[in-house]
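Below: the structure, in C-alpha cells.
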Amino acid sequence: YNPQDGSIRSKLNGQCLSIDSCSTSEAANIVVSECQINDPSAQCQGKNQQWTINTSDQSVVSRMNGK
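In my numbering, the protein residues as written are 14 to 80.
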C-alpha cells in the first residue's frame with residue numbers, strides 16, 4: 014500500500030488493485046490491472062485504483078466511491 018497515491022500494487026508485477034470499469038455497483042469486480050493513477054486519458058483518471066486503509070478496523074475503502 015502506498016499512502017501517497019493510494020495504490021495497492023502487486024509485488025509480482027507492479028500492477029494496481031482496481032475497480033473493474035470504474036463501476037459504482039455494490040457488486041463491482043476487483044481486478045489487477047496496469048496502473049493509471051492520475052492519468053487524464055485513463056478511464057476515470059485512475060481513481061478506481063486509489064484506496065484508503067482504515068487503521069481502526071483494517072478495512073480497505075475506494076477513494077473513487079467510498080465503498
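Glycine included, each C-beta is placed from N, C-alpha and C at the ideal position.
Return helix, strand or coil for Ser-46, following the three-state DSSP convention.
-> strand
Whose C-alpha, out of Asn-51, Asn-67, Ser-20, Pro-53, is nearest the C-alpha of Val-44?
-> Ser-20
Sort out for me which residues DSSP pairs Leu-25 with in a bridge.
-> Partner(s): none; Leu-25 has no beta bridge.
In angstroms, rounded to a whole number, what distance separates the CA positions of Ser-31 and Ser-38?
-> 14 Å
Check Asn-51 in the structure and name its three-state DSSP category.
-> Residue state for Asn-51 is assigned as coil, using DSSP reduced to three classes.
Give the DSSP bridge partners of Ser-20, in chain order.
-> Asn-15
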